[in-house]
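Encoded as structure tokens, the structure appears first; notes follow it.
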Amino acid sequence: MDFDLPDSALAVRDGVAAIAAKYDHHYWSACEEDHRFPSEAWKDLADGGWIGLSVPEEYGGGGAGMLELAVACETLAASGGTAGIFLYILTPGFGAMTLSRHGTEEQKRTILPGVATGDVQFCLALTEPDAGSNALAIRTSARRDGDDFLVKGQKIWISGVENADWMLVVTRTTPLEDAKPRTAGFTILLVDVKQALADGTLTYTPIPKMGGNVVTSSQVFLDDVRVPASQVVGEVDNGFPVLWDVLNPERILAAAGGVGAAEVALELAAEYATQREVFGRPIGANQAIQFPLAQLKAKTELARLMTYKAAWLFDQGRPCGNETNVAKLTGAQVAWEAANQAFQTFGGMAYSKEYPIERLFRDSRIGKNIPVAEELILAHIGTQMLNLPRSY
1 MDFDLPDSAL
11 AVRDGVAAIA
21 AKYDHHYWSA
31 CEEDHRFPSE
41 AWKDLADGGW
51 IGLSVPEEYG
61 GGGAGMLELA
71 VACETLAASG
81 GTAGIFLYIL
91 TPGFGAMTLS
101 RHGTEEQKRT
111 ILPGVATGDV
121 QFCLALTEPD
131 AGSNALAIRT
141 SARRDGDDFL
151 VKGQKIWISG
161 VENADWMLVV
171 TRTTPLEDAK
181 PRTAGFTILL
191 VDVKQALADG
201 TLTYTPIPKM
211 GGNVVTSSQV
221 FLDDVRVPAS
231 QVVGEVDNGF
241 PVLWDVLNPE
251 RILAAAGGVG
261 AAEVALELAA
271 EYATQREVFG
281 RPIGANQAIQ
291 FPLAQLKAKT
301 ELARLMTYKA
311 AWLFDQGRPC
321 GNETNVAKLT
331 GAQVAWEAAN
341 QAFQTFGGMA
351 YSKEYPIERL
361 FRDSRIGKNI
371 PVAEELILAH
381 IGTQMLNLPR
391 SY
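Taking the UniProt record's numbering, the leading residue of the sequence shown gets 1, the next gets one more, and so forth.
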């Protein structure tokens, strides 16, 4: 829906769509089958300036905001690159957006030009084996050693380590037991991934998974990784505001990816239902086929509007937690429901890898679990928007 999008966002949509059109479903399915990063699509998007969208202009980027980034992510997903949303979440989202808002001048000058050209990639290390949804419970420590910090701990489900130059690591410089309030004591650090790998202080083990294999998700082990104090993002012991500015963009981009995933699933289902004839007429003429798809089209439009609203509020510097959570919830739900209905529309052919439905089905399911579980979002809506009692 174009009526409330600024010209900058429309230009992003058209530019990303033009590049994405070069990479069809077969391309994305091949990357998934081969567990291969979509380097060709990445390079084309970077060369066109669509990866460096959120890098300020003075560092070689587009100077755009979260709304434009969300439109880019949605457009890539709607082209069939549903797992390709990691291209936007990891580096433009975690990297460029975070450094642009919270990085030092030295960090911006050193790192952001490479992000703008696509030569530098990011990942985020937050989740731990015993601290997933409850991020306050993380145990990865960063202790001072002269002008450096030594980082020790374990992270899990960290996507994109294999391609990353920089890792945003969420640490505790004050143990949870001593932190008052519990949101105190966090410090966000920039870890030079390749240096730490070379030193042997950072190692990772890929986790076999059912989908989204265009990037690897790994267990990460940090064994006294040395990080200069100049690579603190934000303030020591006061990193929680920075973390929220990481998590809100992640949820907005995940919502945008969900909207795009729903759009492409519905497009494929509608095309198949128009062409496939049973009992002498297209199956799409049957209301049992048509009405569920129509209902999901309506839900997709609503999820899109909420995603745009959350992104716009973020860009305005206004509170957006409620809108971000509603966008993430509805975007993930409609992506899964659309993929599931498309699967049903295709019947037995949905199992065939001749069609991309089975891949969309796998890619869409995970959105209900990450980057935050659906149940926690519902708890947020219940307690923060409906003022119901807390359950935890």
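Note that CB positions come from ideal geometry on N, CA and C, so glycine has one too.
A quick note: this is a predicted structure, and the numbers were derived from the prediction, not measured.
> For the alpha helix (DSSP H) that contains residue 123, what are its first and last residues?
Replying inline: The count along the sequence shown starts at 1 and reaches residue 123 at position 123. Taken as a continuous stretch (DSSP letters only), residue 123 belongs to no alpha helix (DSSP H), being part of the beta strand (DSSP E) at 122-125.
> Buried or exposed: residue 39, going by 16 or more other Cβ atoms within 10 Å of its Cβ?
Replying inline: For the purposes of this step, residue 39 is identified with residue 39 of the sequence shown, where counting begins at 1. Burial call: exposed.
>> Whether or not the region 258-268 and the region 98-107 are in contact is what I'm after, with contact meaning three or more pairs of Cβ atoms, one per stretch, closer than 8 angstroms; do they touch?
In response: no
>> Comparing C-alpha positions only, which one of 136, 383, 220 sits nearest to residue 244?
In response: Sequence index remark: in the sequence shown, residue 244 carries index 244 (1-based). Looking at the Cα atoms, 136 is the closest of the given residues.
> Residue range of the alpha helix (DSSP H) that residue 42 falls in?
Replying inline: Sequence index remark: in the sequence shown, residue 42 carries index 42 (1-based). Element bounds for residue 42: 39-47.
> For residue 218, which three-state DSSP category applies?
Replying inline: Taking the first residue of the sequence shown as 1, we reach residue 218 at position 218. Note: residue 218 maps to strand in three-state DSSP.
> Should the region 287-294 be called in touch with the region 209-226, which here means at least 3 C-beta pairs below 8 angstroms?
Replying inline: Contact between the region 287-294 and the region 209-226 is absent, because fewer than three Cβ pairs lie under 8 angstroms.
>> Do residue 183 and residue 173 count as a contact pair if the criterion is CB distance below 7 angstroms?
In response: In the sequence shown, the residue the question calls residue 173 occupies position 173. In the sequence shown, the residue the question calls residue 183 occupies position 183. No. Outside cutoff.
> So residue 189 is in the beta strand (DSSP E); what residue range does that whole segment cover?
Replying inline: Within the sequence shown, residue 189 is the residue found at index 189, counting from 1. From DSSP, the beta strand (DSSP E) with residue 189 extends over 186-192.
> Just reading off the alpha helix (DSSP H) that residue 245 is part of, what are its end residues?
Replying inline: Here residue 245 corresponds to residue number 245 of the sequence shown, with the count starting at 1. First-last of the alpha helix (DSSP H) with residue 245: 240-275.
> Where does residue 470 fall in DSSP's three states?
Replying inline: It is not possible to answer for residue 470, since the shown part of the chain is limited to 1 through 392.
> By Cβ distance, which residues of its chain are closer than 8 angstroms to residue 319, with the 5 residues on each side in sequence left out?
Replying inline: Start at 1 with the first residue of the sequence shown, and residue 319 comes out as number 319. Around residue 319: 313.
> Straight-line CA distance for residue 192 to residue 166?
Replying inline: For the purposes of this step, residue 192 is identified with residue 192 of the sequence shown, where counting begins at 1. For the purposes of this step, residue 166 is identified with residue 166 of the sequence shown, where counting begins at 1. If you draw a straight line from the Cα of residue 192 to the Cα of residue 166, it is about 5 angstroms long.
>> Taking the beta carbon of residue 388 as the centre, do at least 16 other beta carbons fall within 10 Å, making it buried, or is it exposed?
In response: Within the sequence shown, the letter at position 388 stands for residue 388. Result: exposed.
> Are residue 256 and residue 21 touching if we call contact CB-CB under 7 angstroms?
Replying inline: Your numbering for residue 256 matches position 256 in the sequence shown. Your numbering for residue 21 matches position 21 in the sequence shown. Going by C-beta atoms, residue 256 is not nearer than 7 angstroms to residue 21.
> Is the beta carbon of residue 250 less than 7 angstroms from the beta carbon of residue 92?
Replying inline: Numbered from 1 along the sequence shown, position 250 holds the residue referred to as residue 250. Numbered from 1 along the sequence shown, position 92 holds the residue referred to as residue 92. Going by C-beta atoms, residue 250 is not nearer than 7 angstroms to residue 92.
> How would you label residue 441, buried or exposed, when you count the other beta carbons within 10 angstroms and need 16 or more for buried?
Replying inline: Only positions 1 to 392 of the chain appear in this structure, which leaves residue 441 out of reach.
>> Three Cβ pairs or more, each shorter than 8 angstroms: is that satisfied between the region 52-69 and the region 21-32?
In response: no
> Does the Cβ of residue 386 have 16 or more other Cβ atoms within 10 Å, making it buried, or fewer, making it exposed?
Replying inline: Position 386 of the sequence shown, counted from the first residue, corresponds to residue 386. Burial call: exposed.
> Taking C-beta to C-beta, are residue 394 and residue 127 nearer than 7 angstroms?
Replying inline: No answer is possible for residue 394: the residues shown for the chain start at 1 and end at 392.
> Exposed or buried, which one is residue 283 when buried takes at least 16 other CB atoms within 10 Å?
Replying inline: Start at 1 with the first residue of the sequence shown, and residue 283 comes out as number 283. Buried is the call here.
>> Less than 7 angstroms between C-beta atoms, sequence neighbours within five positions excluded: which residues of the same chain meet that for residue 365?
In response: What you label residue 365 is simply residue 365 of the sequence shown in a count that begins at 1. Correct list, in chain order: 336.
> Across which residues does DSSP place residue 152 in a beta bridge pair?
Replying inline: Taking the first residue of the sequence shown as position 1, residue 152 is located at position 152. Answer by DSSP bridge pairing, in chain order: 141, 223.
> By a C-beta neighbour count over all protein chains shown, 10 Å radius and 16 as the cutoff for buried, is residue 111 buried or exposed?
Replying inline: In the sequence shown, residue 111 corresponds to position 111, counting from 1. Around the beta-carbon of residue 111, 16 or more other beta-carbon atoms lie within 10 Å, marking it buried.
> Considering residue 113, what are the terminal residues of the alpha helix (DSSP H) in which it resides?
Replying inline: As a first step, residue 113 must be located in the sequence shown, where it is residue number 113. 105-117 is the extent of the alpha helix (DSSP H) around residue 113.
> Helix, strand or coil: which one does DSSP assign to residue 29?
Replying inline: Within the sequence shown, the letter at position 29 stands for residue 29. Three-state result, residue 29: helix.
> Looking only at C-alpha atoms, which of 81, 268, 368 sits nearest to residue 349?
Replying inline: Stepping through the sequence shown from its first residue, residue 349 is reached at position 349. Here the closest residue by C-alpha is 268.
> So is residue 299 buried or exposed if we call it buried at 16+ other beta carbons inside 10 Å?
Replying inline: Working through the sequence shown from its first residue, we reach residue 299 at position 299. Buried, because 16 or more other Cβ atoms sit within 10 Å of the Cβ of residue 299.
> Would the beta-carbon of residue 216 fall within 7 angstroms of that of residue 228?
Replying inline: For the purposes of this step, residue 216 is taken as the residue at position 216 of the sequence shown. For the purposes of this step, residue 228 is taken as the residue at position 228 of the sequence shown. It is not a contact, given that the beta carbons lie outside the stated cut-off.
> Is the distance from the Cβ of residue 16 to the Cβ of residue 76 below 7 angstroms?
Replying inline: Counting from one through the sequence shown, the residue named residue 16 turns up at place 16. Counting from one through the sequence shown, the residue named residue 76 turns up at place 76. For the pair residue 16 and residue 76, the CB atoms are nearer than the 7 angstroms cut-off.
>> Can you tell me where the beta strand (DSSP E) holding residue 169 begins and where it ends?
In response: Locating residue 169 in the sequence shown gives position 169, counting from the first residue. Segment 166-172, the beta strand (DSSP E) holding residue 169.
> Does the beta-carbon of residue 413 have 16 or more other beta-carbons within 10 angstroms, so that it is buried, or is it exposed?
Replying inline: Past the edges of the chain, shown from 1 to 392, lies residue 413, and the structure says nothing about it.
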